[in-house]
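Numbers 54 to 451, taken from this note's numbering, label the letters of the sequence shown in order. Down below is the structure, laid out as structure tokens.
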Amino acid sequence: MWAPINKNTQRRLIMGWLSGQYIDIIEWLDNGQETMVYRFERHNNEIKNGAKLIVRPGQTAIFVNEGGTSIADVFPPGTHELTTANLPVLSTLMGWKYGFESPFKAEVYFMKTTEFSDLKWGTRHPIPVMCAGYGGLELRANGTYVMRISDPKAFLEQRVGTDSNFQVDSLVGDLREEILLQVTDCLGEMELDPFKLAGKTKDISDELQGPIQEYFEPRGLTITRFRVTSINMPDDVRKELMELSRLDATKLKGADPSAMQNLTALRASRAMGDMAKNPGGTGAAGAGMEVAMGMMMANQVGGALAGAAQPQQGAPPPLPGAKPAAAPEYTVAIDKQKYGPYGLNRLQDMANDGSFTADMLVWAKGMGAWTKAGEVSDLAGLFGPPPLPGNDEPPPLP
54 MWAPINKNTQ
64 RRLIMGWLSG
74 QYIDIIEWLD
84 NGQETMVYRF
94 ERHNNEIKNG
104 AKLIVRPGQT
114 AIFVNEGGTS
124 IADVFPPGTH
134 ELTTANLPVL
144 STLMGWKYGF
154 ESPFKAEVYF
164 MKTTEFSDLK
174 WGTRHPIPVM
184 CAGYGGLELR
194 ANGTYVMRIS
204 DPKAFLEQRV
214 GTDSNFQVDS
224 LVGDLREEIL
234 LQVTDCLGEM
244 ELDPFKLAGK
254 TKDISDELQG
264 PIQEYFEPRG
274 LTITRFRVTS
284 INMPDDVRKE
294 LMELSRLDAT
304 KLKGADPSAM
314 QNLTALRASR
324 AMGDMAKNPG
334 GTGAAGAGME
344 VAMGMMMANQ
354 VGGALAGAAQ
364 PQQGAPPPLP
374 GAKPAAAPEY
384 TVAIDKQKYG
394 PYGLNRLQDM
404 ANDGSFTADM
414 LVWAKGMGAW
424 TKAGEVSDLA
434 GLFGPPPLPG
444 NDEPPPLP
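Set out below in structure tokens:
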């Protein structure tokens, strides 16, 4: 059996019901870091004339006419009284020529305009790029970015729709896909130096941020910071580059052969080593093919340099009265690979910095066989005079 309700209780219930019919204060108390857009929940209540709209710092409020067909008025941070004067667009949409009668219905969206940071991106598949002096290479990259809503109306129209609680997780998946498309296109157009990738992440980041921002700006978003934190290559390629760097290609260029010539020689040398370790194995044929391909590529890249390094058999003597022969140029053997030919000035520089020593084998046109550089009369002087036998110091002065 129900107990009777006294008059005071009845009065409180009635006043509570009446106060709940019309909303006096419209606000969003954001208590999380992941919500980008929040639709004010009316629960079938209506907004009355003179209601207070509170927009906190880092927020923007947008009114949409009932049914969500048109975006109306946008409010910056502050406290706003909802009157016809403050709702010009909504007043026009609703046909309020002489002021609106309380109550009215409209959807109110709050947007967070502060930055969303520490968002991550990364390539799922290797990106093919061209690297200077190396050729084609596949790279993986990853990093972070920071974004914010810069155009609330455009963002509401294109991304949010009628979602009542739009989370950043709902967006980052699509953003990541678009970022990867832009990264793939931009990296594919760059000519990167594989030896300097680790020190170029900031430059690459700055170059990528522009095209990425161009894509997101019409969608109401700004990428305030974009960073490439690491660029990775396959382990076998990384090891190969380390070996190639040990050849010190910059010192051995001489007549400016490309680094590709050194690279193909390195690959051919490794393949020959694999064949020696396993002469009867099934991989010997493949390794032999790699040797042949490597040497063929070296010949193509080296061009005339490689041809000049080979002895000329059966060459006729110079004609009487011809100009004297040019200064000899020497081909240098390092780790069983041929480099050059180099003139005396270049060899002097190499001897000074230690990349050319008297024990290295050399050959020039007219020489019958490879000879140690210190035993060639033209080259012996490059390495300085030998010490006196049995005494490294001169005798005292008389």
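The C-beta atom is built at its ideal place from N, Cα and C for all residues, glycine as well.
Separation of Ser170 and Phe279 (C-alpha to C-alpha, rounded to the nearest whole angstrom) is 10 Å. In this structure, the straight-line span from the alpha carbon of Ala125 to that of Phe163 is close to 13 Å. For Asn398, the enclosing alpha helix (DSSP H) begins and ends at Leu397 to Asn405. Counting only runs of 3+ residues, the beta strand (DSSP E) found wholly inside the region 205-291 occupies 218-220 and 274-285, in chain order. The region 204-218 makes no contact with the region 243-252: fewer than 3 CB pairs, one atom from each, lie closer than 8 Å. Out of Gly189, Gln211, Asp222 and Val415, the CA that lies nearest to the CA of Gly85 is found in Asp222. Only buried fits Thr113, as 16 or more other CB atoms lie within 10 angstroms of its CB. Here Gly111 has Lys165, Thr166 and Thr167 as same chain residues with Cβ atoms under 7 Å from its own Cβ, once five neighbours each way along the sequence are excluded. Distances from the alpha-carbon of Lys158 to those of Gly393, Gly419, Leu135 and Pro179 put Leu135 closest. One thing to note: Pro179 has its Cβ no nearer than 8 Å to the Cβ of Gly273. Per the C-alpha coordinates, the member of Asp406, Asn405, Gln401 and Val415 positioned closest to Ile387 is Val415. Under DSSP, Leu192 shares a beta bridge with Ile180.
Our two residues, Asp77 and Pro181, have alpha carbons roughly 60 Å apart in a direct line. Per DSSP, Ser430 lies in no beta strand (DSSP E); the unbroken alpha helix (DSSP H) holding it starts and ends at Ser430 to Ala433. Our two residues, Glu382 and Tyr395, have alpha carbons roughly 5 Å apart in a direct line. Secondary structure at Leu414: strand, using DSSP grouped into helix, strand and coil.
The three-state reading of DSSP puts Glu293 in helix, counting H, G and I together.
Here Ile107 has Glu80 and Thr132 as same chain residues with Cβ atoms under 6 Å from its own Cβ, once five neighbours each way along the sequence are excluded. The C-beta separation of Glu160 from Glu119 comes to about 7 Å, placing the pair in contact by the 8 Å criterion. Beyond the five residues adjoining it in sequence on each side, Ala411 comes within less than 7 Å, by CB distance, of Lys425, Ala426, Gly427 and Phe436 in the same chain, given in chain order.
Residues Asp171, Leu172, Lys173, Arg280 and Thr282 of the same chain have their beta carbon placed closer than 7 Å to that of Thr197, with the five preceding and five following residues left out of the count.
When rounded, the separation of the alpha-carbon atoms in Ile115 and Phe269 is 21 Å. Counting only the Cα atoms, Arg177 lies some 32 Å from Tyr91. Taking C-beta atoms as the reference points, Ile265 and Gln220 fail to come closer than 8 Å. According to DSSP, Arg109 shares a beta bridge with no other residue. The shortest C-alpha to C-alpha distance from Lys253 to any of Ala194, Asp227 and Thr277 is the one to Ala194. Rounded to whole angstroms, Leu190 and Lys255 show a C-alpha spacing of 20 Å. Ile202 places its beta carbon 8 Å or farther from that of Met286.
In the three-state DSSP reduction, Ala125 falls in the strand class (E or B).
For Glu160, the enclosing beta strand (DSSP E) has its first and last residue at Ala159 to Lys165. Its chain contains no residue whose beta carbon lies nearer than 6 Å to that of Gly407 once the 5 sequence neighbours on both sides are disregarded.
Taking the CA atoms as reference points, Ala380 sits about 25 Å from Lys389.
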